[in-house]
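Note sheet for the following structure.
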Amino acid sequence: MSITVLMTTYNCGEYISQAINSVLKQTYKDFELLIIDDGSTDKSEQVVKRFDDKRIRFIKSNHIGRSAALNLGLKEAKYDFISFCDADDIIHHQKIQKQLLLYKNKNDLVFTNSAFFNRNKILYQLIIQNDLNIIKRKIALHGHLGLSVLFDRNFILDNGGFNTELSAFEDYDLWLKILNKSNIIIVPEVLYFQRLRKNSLSTTETMKKKHLIYEIQKPYFDKLDELFGITSSNEQLILKGWREFFYGEKNKARKYWIDARLKKWSIKLLIIFLLSYLPEKFIDYLKDKRIRLRLEYQIERLLNKNNIQKEFNKILGIISE
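For the sequence shown, the working numbering begins at 59 and goes up steadily by one.
What follows is the structure, encoded as structure tokens:
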């Protein structure tokens, strides 16, 4: 089975060589690496052309935006089976091999767990529980699944591909759109490593980001029972409150939660209810830095329950050979 590994890049010349090496070092060898340069103005093209490997195919376009670049890649790919690696990320050398073992049907979406790093240091990880009900509840609020996926491009294209009207979160929009048409499969290992770059978003940009997610979610929150299997009115109110807390208005979040009755609250929800009275900037900082996930990861490390940093160091060694 031949694979196209799709990589889009926009001014990632500083990082793209690591990403390319992580693809070329895959234990599964039957693939092309298709790189779509979305009008970079840095040295990305020069870096790519230093690699002497026939599996690499490079297409330079005007700056058309990430969604359009992804759709271009899906159409230009030699093979129907698509795996992603962003130009500033790194994939485990066994990622494709392990995903292919679980792929069976056209509507299969095979994801892996992910870890997030900066300067070669793992900061936290995102573990996807292999339970469709939990996945649906998570994806109702967050992207959650990311781009660690392997899929058949025809299934994605038949469902409209990536939304070119979006300036961000195009993957989240796609997973919401095809959630109930897909068979979601999880490889229960961290095989995708996402680079966290310094976030210098202004308050205005942060508000735009939250508003965009809020708008993407809007048509789905009118059908929580049909689309996400959430039939309890109290559960729906609690979820709507979470949505307002993350992306909307805190006073609306508190109203939804109060309407859901205090006896239905968890300790976590009670804490968040109190936190919702804190200044918006502080709450945005906690969310943006993924403080909870960072704390969980550090606790696991202290208890010697997590060795992903060692595995990541090994991968860095492999791709630098």
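Virtual Cβ for every residue (Gly too), placed ideally from N, Cα, C.
Can you check which of these residues, the options, is closest to residue i by C-alpha distance?
i, options, result
"V207", "I376, L199 and I149", "I149"
"D392", "T67, Y86 and R177", "In the structure as shown, the chain begins at 59 and stops at 379. Residue 392 is therefore absent and cannot be evaluated."
"K281", "L270, K266, K267 and L297", "L297"
"T62", "I140, I243 and Q104", "I140"
"I366", "E134, F251 and Q84", "F251"
"K268", "F303, R348, N212 and K256", "F303"
"G164", "L215, S98 and L224", "According to the sequence displayed, residue 164 carries Lys and not Gly. It is L215."
"G183", "H200, E247, D189 and C143", "What sits at residue 183 in the sequence shown is Gln, not Gly. Closest option to Q183, Cα to Cα, is E247."
"K83", "K107, I114 and G97", "I114"
"E230", "R253, D210, I242 and A198", "Correcting the residue type first, residue 230 is Tyr in the shown sequence and not Glu. It is A198."
"T85", "H151, D110 and E134", "H151"
"I452", "L336, M265, L295 and I325", "Limits of the chain in this structure are 59 at one end and 379 at the other, which puts residue 452 out of reach."
"G375", "N178, R108, L167 and D111", "N178"
"Y161", "N188, H200, M59 and D96", "M59"
"S98", "F109, L344, N120 and D110", "N120"
"D111", "L224, K133 and V81", "V81"
"M265", "D342, W300 and N362", "D342"
Closer than 6 Å by C-beta to residue i: which residues in its own chain qualify, once you throw out the five before and the five after it? Chain order, please.
i, result
"Y73", "D146"
"A126", "T222"
"K156", "V245"
"N79", "I377"
"H202", "K196"
"F116", "I93 and V106"
"A173", "I180, Q183, V248, F251 and I366"
Which residue or residues does DSSP assign as beta-bridge partners of residue i?
i, result
"M65", "I93"
"Q256", "Per the sequence shown, residue 256 should be read as Lys rather than Gln. According to DSSP, K256 bridges with nothing at all."
"N365", "Partner(s): none; N365 has no beta bridge."
"I149", "Y250"
"Q104", "Paired residue(s): none; Q104 is not in a bridge."
"T170", "V245"
"F175", "I180 and R253"
"R115", "L92"
"I140", "T62 and F209"
Starting from the C-beta of residue i, find all residues in its chain whose C-beta is less than 7 Å away, skip the five residues before and the five after it, and write them out in chain order.
i, result
"K313", "none"
"C70", "S102, A145 and D146"
"G131", "L64, T66, L92 and I94"
"S75", "V105"
"Y272", "Y305 and G306"
"D210", "D138, F139 and K164"
"E358", "N364"
"A135", "T62, L64, L92 and R211"
Grab me the residues of residue i's own chain with a C-beta within less than 8 Å of its C-beta, minus the 5 sequence neighbours each way, in chain order.
i, result
"N171", "Q183, L184, I185, I186, S206, I244, V245, P246, E247, V248, L249 and Y250"
"R255", "D146 and N176"
"G204", "F169, S172, L184, D229, Y250 and Q252"
- Message: Counting beta carbon pairs with one atom in the segment 363 to 372 and one in the segment 264 to 283, are three or more of them shorter than 8 Å?
- Response: no
- Message: With three or more C-beta pairs closer than 8 Å as the rule, is the segment 188 to 206 touching the segment 286 to 298?
- Response: yes
- Message: As an exercise, report each continuous alpha helix (DSSP H) stretch of at least 4 residues that is fully enclosed by the segment 268 to 338, in chain order.
- Response: 282 to 286, 291 to 305, 308 to 317 and 325 to 333
- Message: For the segment 106 to 125 against the segment 217 to 233, do three or more pairs of beta-carbon atoms, one drawn from each stretch, fall closer than 8 Å, so that the two count as touching?
- Response: yes
- Message: When you compare the segment 81 to 92 with the segment 227 to 240, are there three or more beta-carbon pairs, one atom per stretch, that lie closer than 8 Å?
- Response: no
- Query: Any chance the segment 328 to 337 sits against the segment 348 to 356, with 3 or more Cβ pairs inside 8 Å?
  - Reply: no
- Entirely enclosed beta strand (DSSP E) segments - the segment 181 to 253, minimum 3 residues: 208 to 210 and 241 to 253
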